[in-house]
Every structure is written in structure tokens, then in C-alpha cells.
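Data block below; observations after.
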């Protein structure tokens with residue numbers, strides 16, 4: 001490669017990377033090119049902050065490589081997949097924070113808890129998978145993607161434990177044999193109804209009723225049970241059980257392939273879409289963007305399109321950094 005850039009356009013300084021992650025990709029492809037190495041060393045030496053950023057990127061990429069392939073959503077492609085000139089279009093505006101977040105997300109996919117859930121579960125679903133269960137008493141349950149339940153229908157019991165995710169229950173009422181669902185620290189007991197239960201992070205649990213009535217009680221408190229009718233919901237956060245009105249026609253609508261958001265944070269909507277993505281991860285870059293609240297309806301059978309629609313509504317854009325990572329940012 002000549003100093004004037006030849007046909008590559010590299011004589012123009014603006015054509016060279018400006019971020020450490022971009023240099024990392026280019027050097028993986030062309031580490032034997034003295035012109036690339038020279039400009040990298042010039043970039044790195046010009047500012048101590050650049051050197052610190054470079055060192056952090058090297059540590060982060062080393063962490064990603066140390067994670068077994070089967071612990072990641074899909075195998076991590078090598079950086080050499082992205083040939084010369086393509087890297088600049090794929091990575092504008094994406095720097096250290098995104099890489100660090102991706103590494104943290106990958107490390108968080110721990111084998112232990114996953115194996116524990118599967119060991120306890122009678123039924124579990126994977127990504128993009130929903131499942132209809134015909135229960136022994138004639139009741140039905142629809143499992144959302146990445147959900148798991150354990151059943152106890154022996155000796156006259158009708159107990160379901162939601163281990164992960166979300167499920168929509170249509171219960172055959174039997175006053176002599178109450179039907180109950182345990183979700184985290186919340187117990188939901190049917191009084192003849194159709195209801196949805198979702199288990200979130202941090203022991204958060206939400207119950208919403210489409211038809212009939214349920215009683216809801218926090219297991220660790222001695223507070224009286226709260227009764228919910230059609231069009232009502234309750235969410236347990238910490239030790240606080242808050243009730244609210246909902247549209248009964250929207251309860252469990254995810255089971256028909258539609259996600260409805262009412263004043264939800266962008267990050268929460270993206271988390272819901274994530275379970276329907278066939279491979280890879282959806283990521284929201286920027287604290288302010290993550291907490292912006294949105295109302296809208298999104299198709300779960302086209303999660304990538306829904307992700308793009310959500311981004312446009314927030315005046316953001318989506319960059320496909322790799323085949324396994326799409327990033328929403330401004």
C-alpha cells in the first residue's frame with residue numbers, strides 16, 4: 001500500500017479509523033500492512049485516552065473469545081468475516097461502551113442457572129417457541145418463548161410453578177381443587193378465569209386478568225389477598241403490590257403474535273422482542289434512549305422489523321454490527 005492511498009482512498013486521513021474498536025477490526029484483517037500499523041501507532045500515541053481505550057478494547061475482546069461458543073446466542077464469527085472497506089459502514093458511532101456491554105451480556109449467560117431451571121421444569125420453551133399445554137384437569141396453558149413451568153397435579157393438587165418467562169392460563173374451575181400459580185414470591189389462585197402471569201427480573205411478577213377473577217398474594221407478607229377481576233392487573237416489585245386497570249382484550253395478546261406496549265421503556269419493549277429473534281441480540285445504546293417511554297403495537301412474528309419501527313419512532317437508527325448483534329442508537 002503506497003503512502004498516497006492508491007485506489008483505497010487511504011491518503012485521506014478521514015478514511016482511517018477514529019475509534020479503538022474500529023482499529024481492532026482493521027488490524028485483525030491487515031496486521032501485516034506496515035501502512036496500517038504506522039497510522040494505528042500514530043493514532044494511539046496522539047492521546048493517552050486513546051491508548052486507554054485501546055487497552056480496554058483488547059481486554060474486552062479477549063473476554064469474548066474466552067467464553068465458550070455454546071454459551072453465546074450463536075457462534076461468534078471471526079473479525080476477518082468483514083473485509084476491507086465494509087467495517088467503516090458497520091461500526092460508525094459504536095465504541096467501547098457497546099463492546100463492554102456485549103461482553104457483560106455474554107458473561108451473564110451462565111450455564112448453572114439455565115441447567116437448574118431445565119432440571120426443575122416439566123415443560124420449557126426456547127427462543128421463538130410458544131407451546132400450548134393441555135393440563136391434566138382440562139385447563140390450558142400457553143407458554144411464551146424462553147419460559148418454563150413445573151406442574152403438580154398429583155393427589156388432587158392443581159399447582160403450577162412459573163420458573164421463567166410468561167404463560168397464559170385458561171382454567172377449568174373446580175371449587176374443591178383450587179388452581180394456583182406460583183411466580184417468584186407471588187401466588188395467584190384462580191376463581192374461574194383466563195389470566196396471564198409474567199415473571200420478570202429481580203423477582204418482579206405481574207398478573208393480568210382477561211376473564212373471571214383471581215386472588216393474588218405475596219408469599220412473604222401477612223397481608224390479605226388482593227382480588228382481581230377482568231381488566232385488572234397487579235405487579236409485585238420488592239414488597240409492594242400495585243394494581244392497575246388494563247384492557248382485557250390485550251391480556252395475553254402475545255399468544256396471537258402481537259405485543260402491545262402502554263407507556264413502557266424502550267429497553268423493556270426490546271427485551272420482549274428479543275425472545276422472538278431467531279438468533280443474535282438486540283441492544284439499545286444510550287441510557288436516555290433505554291428509558292424513554294413508548295406506546296405502540298409490534299408484530300412478534302417480525303421482531304427485526306418491529307425493532308426498526310421502534311427505532312424510527314424514537315428518531316434513532318439500527319446498525320447491524322455483526323450477524324448476531326443489532327444496535328439501536330442515535
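Numbering (the UniProt record's numbering), first residue to last: 1 to 330.
By construction, the Cβ of each residue, glycine as well, lies at the ideal position given by its N, Cα and C atoms.
For residue 166, which three-state DSSP category applies? Along the chain shown, read from residue 1 onward, the residue named residue 166 stands at position 166. Here residue 166 sits in strand by DSSP.
Using a threshold of 8 Å, state whether the C-beta atoms of residue 231 and residue 168 are closer than that. Position 231 of the chain shown, counting from 1, holds the residue named residue 231. Position 168 of the chain shown, counting from 1, holds the residue named residue 168. It is not a contact, given that the beta carbons lie outside the stated cut-off.
Spatially closest choice to residue 161 from 208, 187, 144 and 191, by CA coordinates: The count along the chain shown starts at 1 and reaches residue 161 at position 161. When only C-alpha atoms are compared, the closest one is 187.
Given that a residue counts as buried once 16 or more other Cβ atoms are within 10 Å of its Cβ, and exposed if not, what is residue 319? Counted from its first residue, the chain shown places residue 319 at position 319. Residue 319 comes out buried.
With contact counted as at least three CB pairs below 8 Å, one residue from each stretch, are the segment 236-252 and the segment 284-293 in contact? no
I need the straight-line Cα distance from residue 258 to residue 194, nearest angstrom please. Counting from 1 along the chain shown, the entry for residue 258 is found at position 258. Counting from 1 along the chain shown, the entry for residue 194 is found at position 194. C-alpha separation (whole angstroms): 18 Å.
Apart from the five residues just before and just after residue 264, which ones in its own chain have a Cβ nearer than 8 Å to its Cβ? Locating residue 264 in the chain shown gives position 264, counting from the first residue. Once the five neighbours on either side are set aside, the close Cβ partners of residue 264 are 293, 294 and 295.
Going by alpha carbons, who is nearest to residue 134 out of 120, 170 and 121? Sequence index remark: in the chain shown, residue 134 carries index 134 (1-based). Ranking the options by Cα distance to residue 134, first place goes to 170.
Would residue 122 pass as a contact of residue 150 if the rule is Cβ separation under 8 Å? Position 122 of the chain shown holds residue 122. Position 150 of the chain shown holds residue 150. Result yes, Cβ atoms of residue 122 and residue 150 sit closer than 8 Å.
Determine, using beta-carbon pairs with one atom in the segment 173-180 and one in the segment 202-211, whether at least three such pairs fall under 8 Å. no
Ignore the nearest five residues each way along the sequence and tell me which others in residue 203's own chain have a CB closer than 7 Å to its CB. Position 203 of the chain shown, counting from 1, holds the residue named residue 203. Result list for residue 203: 184 and 185, in chain order.
What are the residues that DSSP puts in a beta bridge with residue 136? As a first step, residue 136 is located in the chain shown; it is residue number 136 there, counting from the start. Looking at the DSSP assignment, residue 136 forms no beta bridge with any residue, so it has no partner.
Within the segment 190-254, note down every full beta strand (DSSP E) run reaching 3 residues or more, in order along the chain. 205-218, 226-229, 232-237 and 240-245
Do residue 191 and residue 214 come within 8 Å of each other at the CB atom, strictly closer than that value? Your numbering for residue 214 matches position 214 in the chain shown. Your numbering for residue 191 matches position 191 in the chain shown. Contact flag set, yes.
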